[in-house]
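Engineer: Sending over a structure as structure tokens; questions will come in a sec.
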Amino acid sequence: MKKLRKYLFLPLLVLLAFTLSACGHKDQNVYQKVEANKHIVWGVRADTRLFGLTNVKTGKIEGFEMDLAKALTKQMLGKKGTASFVTTTANTRIPLLKNGNVDAVLATMTITPERAKQVTFSKPYFPAGSSLLVPNNSKITNVKDLNNKTVLAVKGTTAVDDVHKSAPKARVLQYDDYGQAMSALKANQGVALTTDNGLLAGIAQENKGYKLVGGVYSDAPYGIAVDKGQTDMANHIDKALKQLQANGTYNRLLKKWFAGIPGFSLKGVLK
Amino acid sequence: MWQIITNNWGAFLTGFWNTILCSTIALVFSLILGVFFALLEVAPPKFGRVIAKIYIAIFRNIPLLVIVMIFYLIVPRYIVKLSGFQAGTIGLTLYTSAFIAETVRAGINSIGEGQMEGARSNGMTYVQAMRYIILPQAMKIVIPPLGNQFVNLVKNSSVLAFVAGFDLMYQAQLIAFSTFQTIDTYIIVGLFYLILTLPLSYYMRHLEKKLAK
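In structure tokens form, the structure reads like this:
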């Protein structure tokens with residue numbers, strides 16, 4: 001027993017030391033760090049078409065958010081500034097931000113009051129919101145048309161609540177992922193697929209014969225997240241974003257990725 | 001945990017009811033289909049034997065999820081519109097019937113050939129011999145493995161969750177995603193399934209004892 005205690009004690013001590021040292025960086029000002037290193041680590045998506053998707057041929061992540069992150073880096077740190085990317089998912093993006101592995105998260109993250117308790121958000125950079133995807137020959141033009149019809153959605157997404165609010169009589173079927181939901185739409189199990197407009201744009205680009213309709217019927221804009229309290233970093237991101245919108249870079253990137261998606265309106269999006 | 005039950009009582013009840021409905025329909029029809037194909041497989045005509053072998057080979061060796069997806073995504077596009085509940089129940093019935101057919105066939109084969117020969121030499125037709133001599137003895141033997149199939153069927157009905165069939169597992173996923181109380185929700189759902197499967201197991205055991213006398 002005594003021997004066992006001795007063996008247990010050492011690893012515990014090491015663990016404790018690690019935990020304490022990890023606490024140390026907490027108070028660091030992220031903006032001062034990136035300014036000194038001329039380098040920003042962005043947390044991004046690698047599985048979302050148009051926003052951030054790994055290109056199978058090159059192995060690099062490509063998308064609107066990638067381009068925006070690069071442009072923001074140059075705007076904030078000057079020509080010498082470099083950006084690197086860390087892949088995140090919905091579950092890992094906040095923990096990675098908290099432990100300092102990424103400096104900012106630019107990953108299709110909707111600004112919500114719940115999340116704002118954990119992180120500090122920039123101004124919105126993409127006017128996301130729930131929208132509808134229908135076959136090209138569909139008679140549905142907006143969310144109100146969905147009353148007494150069947151709508152398809154993905155489990156756990158906010159679009160489900162949005163449909164209930166906007167079209168209380170609609171019947172909602174929910175699936176595990178977008179692939180299944182899209183297959184169900186093709187099999188006529190429902191008349192429309194609903195989720196964020198940005199995600200639908202990606203699906204529409206992949207599946208010819210489908211279009212977005214009705215614009216955005218519930219706002220859920222995306223914001224860039226930094227660790228809670230890093231207001232210096234958030235303010236500089238906001239400033240850089242504003243400059244990019246003023247000099248036309250932002251519009252150019254939007255058009256590069258979203259022009260030509262059937263039914264996706266750039267009108268309300270362009271600055 | 002109690003709060004999850006009271007807040008989502010309606011959803012749990014709908015799910016529970018749909019699971020019972022799906023399981024009952026699938027149980028009755030898979031038993032009928034299973035016995036039918038088992039008889040076809042042991043019957044003298046070669047044509048019937050081949051048909052039964054193909055049927056069993058297909059539905060026993062494809063994952064249940066794939067069978068259900070075919071009925072949910074492909075059949076509605078070309079043949080007839082099926083809801084998630086219908087597609088799930090049909091898929092579950094066909095899948096289970098293949099296993100039941102194999103179980104019943106094994107039971108029939110375990111009855112000595114002498115039984116059939118004896119019955120036939122006493123003037124019974126093949127159908128009579130099967131109906132009065134072989135099947136009653138075979139049924140006694142297959143009750144325990146059949147009980148296993150039935151319990152598996154009830155649990156397999158959770159496949160409806162993948163095709164929006166509004167069963168217990170589907171409701172559980174929605175509740176878990178909206179409340180973030182994942183562990184508690186699934187524990188409750190596990191208890192709901194126990195309410196169905198435990199009595200079923202005990203009934204099958206009771207039947208086994210009764211028939212053994």
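Heads up: the sequence lines are chains A and B, in that order.
UniProt numbering puts the first residue of the first sequence at 1, with every later residue one more than the last.
UniProt numbering puts the first residue of the second sequence at 1, with every later residue one more than the last.
Positions of the beta carbon are idealized from the N, C-alpha and C atoms, including for glycine.
Computed from a predicted model, the values in this text were never measured in an experiment.
Answer yes or no: do arginine 93 of chain A and glycine 43 of chain A have a C-beta to C-beta separation smaller than 7 angstroms?
Structural biologist: Along the first sequence, one-based indexing puts residue 93 of chain A at 93. Along the first sequence, one-based indexing puts residue 43 of chain A at 43. In contact: arginine 93 of chain A and glycine 43 of chain A (Cβ atoms closer than 7 angstroms).
Engineer: Would you please verify whether the beta carbon of glycine 260 of chain A is less than 7 angstroms from any beta carbon of chain B?
Structural biologist: Along the first sequence, read from residue 1 onward, the residue named residue 260 of chain A stands at position 260. Answer no: the Cβ-Cβ gap between glycine 260 of chain A and chain B never drops below 7 angstroms.
Engineer: Does the beta-carbon of isoleucine 195 of chain B have 16 or more other beta-carbons within 10 angstroms, so that it is buried, or is it exposed?
Structural biologist: For the purposes of this step, residue 195 of chain B is taken as the residue at position 195 of the second sequence. Its Cβ having fewer than 16 others within 10 Å, isoleucine 195 of chain B is exposed.
Engineer: Once you ignore the five residues that flank residue 214 of chain B on each side, which residues in its own chain have a CB closer than 6 angstroms to its CB?
Structural biologist: Absent from the structure is residue 214 of chain B, since the part of chain B shown begins at 1 and ends at 213.
Engineer: Leaving aside the five residues before and after isoleucine 20 of chain B along the sequence, list all residues of the same chain whose C-beta is less than 6 angstroms from its C-beta, in chain order.
Structural biologist: For this step, residue 20 of chain B is matched to residue 20 along the second sequence. Contacts found: none.
Engineer: Mind checking if residue 220 of chain B is an interface residue toward chain A, Cβ cutoff 7 angstroms exclusive?
Structural biologist: Examination of residue 220 of chain B is not possible in this model, given that chain B is present from 1 through 213 alone.
Engineer: On the DSSP letters alone, give me the boundaries of the alpha helix (DSSP H) that tyrosine 31 of chain A sits inside.
Structural biologist: Here the question's residue 31 of chain A lines up with position 31 in the first sequence. Taken as a continuous stretch (DSSP letters only), the alpha helix (DSSP H) holding tyrosine 31 of chain A covers 30-37.
Engineer: Among A:Lys74, A:Thr88, A:Pro113 and A:Pro135, whose alpha-carbon lies nearest the alpha-carbon of proline 221 of chain A?
Structural biologist: Here the question's residue 221 of chain A lines up with position 221 in the first sequence. Per the Cα distances, A:Pro113.
Engineer: Could you list which residues in chain B have their beta carbon closer than 8 angstroms to that of lysine 57 of chain A, in chain order?
Structural biologist: Here residue 57 of chain A is taken as the residue at index 57 of the first sequence, counted from 1. By Cβ distance, chain B contributes nothing, its closest Cβ being about 30 angstroms from lysine 57 of chain A, past 8 angstroms.
Engineer: Can you tell me which of B:Ser110, B:Ala101 and B:Phe12 puts its alpha carbon nearest to the alpha carbon of phenylalanine 37 of chain B?
Structural biologist: If you number the second sequence from 1, residue 37 of chain B lands on position 37. Selected option, being the one with the closest Cα: B:Ala101.
Engineer: Buried or exposed: glutamine 174 of chain A, going by 16 or more other Cβ atoms within 10 Å of its Cβ?
Structural biologist: Here residue 174 of chain A is taken as the residue at index 174 of the first sequence, counted from 1. The residue in question, glutamine 174 of chain A, is buried, as its Cβ has 16 or more Cβ neighbours within 10 Å.
Engineer: Pick out the complete beta strand (DSSP E) segments inside the region 116-197 of chain A, 3 residues or longer, and give them in chain order.
Structural biologist: Taking only runs of at least 3 residues, the beta strand (DSSP E) segments lying wholly in the region 116-197 of chain A are 119-126, 129-135, 150-154, 171-175 and 192-196.
Engineer: Measuring straight from C-alpha to C-alpha, what distance separates leucine 200 of chain B and valine 151 of chain B?
Structural biologist: The count along the second sequence starts at 1 and reaches residue 200 of chain B at position 200. The count along the second sequence starts at 1 and reaches residue 151 of chain B at position 151. Distance between the alpha carbons of leucine 200 of chain B and valine 151 of chain B: 7 angstroms.
Engineer: I want to see whether chain A comes within less than 7 angstroms of phenylalanine 36 of chain B, judged by CB atoms only; does it?
Structural biologist: In the second sequence, residue 36 of chain B corresponds to position 36, counting from 1. Chain A contact via Cβ: absent.
Engineer: Hey, quick one: how far does the alpha helix (DSSP H) through aspartate 238 of chain A stretch, first residue to last?
Structural biologist: Position 238 of the first sequence, counted from the first residue, corresponds to residue 238 of chain A. Where aspartate 238 of chain A is concerned, the enclosing alpha helix (DSSP H) stretches over 231-246.
Engineer: Taking C-alpha atoms, which residue in A:Asp47, A:Arg171 and A:Val41 lies nearest to glycine 198 of chain A?
Structural biologist: Translated into the one-based positions of the first sequence, residue 198 of chain A becomes position 198. The shortest Cα separation from glycine 198 of chain A among A:Asp47, A:Arg171 and A:Val41 belongs to A:Asp47.
Engineer: Near proline 135 of chain A, which residues of its chain fall below 7 angstroms by C-beta distance, leaving aside the five closest residues on each side in sequence?
Structural biologist: The residue given as residue 135 of chain A occupies position 135 in the first sequence. Here the set comprises Gly209 and Tyr210.
Engineer: Whole beta strand (DSSP E) runs in the region 48-112 of chain A with 3 or more residues, listed along the chain?
Structural biologist: Fully enclosed beta strand (DSSP E) runs of 3 or longer: 52-54 and 82-87.
Engineer: Which one of A:Gln75, A:Arg49 and A:Leu53 has the shortest CA to CA distance from lysine 242 of chain A?
Structural biologist: If you number the first sequence from 1, residue 242 of chain A lands on position 242. For the residues A:Gln75, A:Arg49 and A:Leu53, the minimum Cα distance to lysine 242 of chain A belongs to A:Gln75.
Engineer: Consider the Cβ of tyrosine 95 of chain B: report whether some Cβ of chain A lies at a distance smaller than 7 angstroms.
Structural biologist: Mapped onto the second sequence, residue 95 of chain B falls at position 95. No, its Cβ sits nowhere closer than 7 angstroms to a Cβ of chain A.
Engineer: Who are the neighbours of phenylalanine 162 of chain B on chain E, taking C-beta pairs under 8 angstroms?
Structural biologist: Reference to chain E is not applicable here, since the protein chains of this structure are A and B.
Engineer: Quick check on the DSSP output: the beta strand (DSSP E) that includes serine 218 of chain A runs from which residue to which?
Structural biologist: Counted from its first residue, the first sequence places residue 218 of chain A at position 218. It spans 210-219 - the beta strand (DSSP E) in which serine 218 of chain A sits, taken as one unbroken run.
Engineer: Just the C-alpha distance for glycine 81 of chain A and lysine 165 of chain A, rounded to the nearest angstrom, thanks.
Structural biologist: If you number the first sequence from 1, residue 81 of chain A lands on position 81. If you number the first sequence from 1, residue 165 of chain A lands on position 165. So the alpha carbons of these two residues sit roughly 45 angstroms apart.
Engineer: What span of residues does the beta strand (DSSP E) with aspartate 227 of chain A cover, start to end?
Structural biologist: Start at 1 with the first residue of the first sequence, and residue 227 of chain A comes out as number 227. First-last of the beta strand (DSSP E) with aspartate 227 of chain A: 222-227.
Engineer: Does the distance from the CB of threonine 150 of chain A to the CB of glycine 190 of chain A come in under 7 angstroms?
Structural biologist: Taking the first residue of the first sequence as 1, we reach residue 150 of chain A at position 150. Taking the first residue of the first sequence as 1, we reach residue 190 of chain A at position 190. A contact, by the Cβ cut-off of 7 angstroms.
Engineer: Measuring alpha carbon to alpha carbon, tell me which of A:Asn251, A:Lys186 and A:Val119 ends up nearest isoleucine 74 of chain B.
Structural biologist: If you number the second sequence from 1, residue 74 of chain B lands on position 74. With distances taken between Cα atoms, isoleucine 74 of chain B lies closest to A:Lys186.
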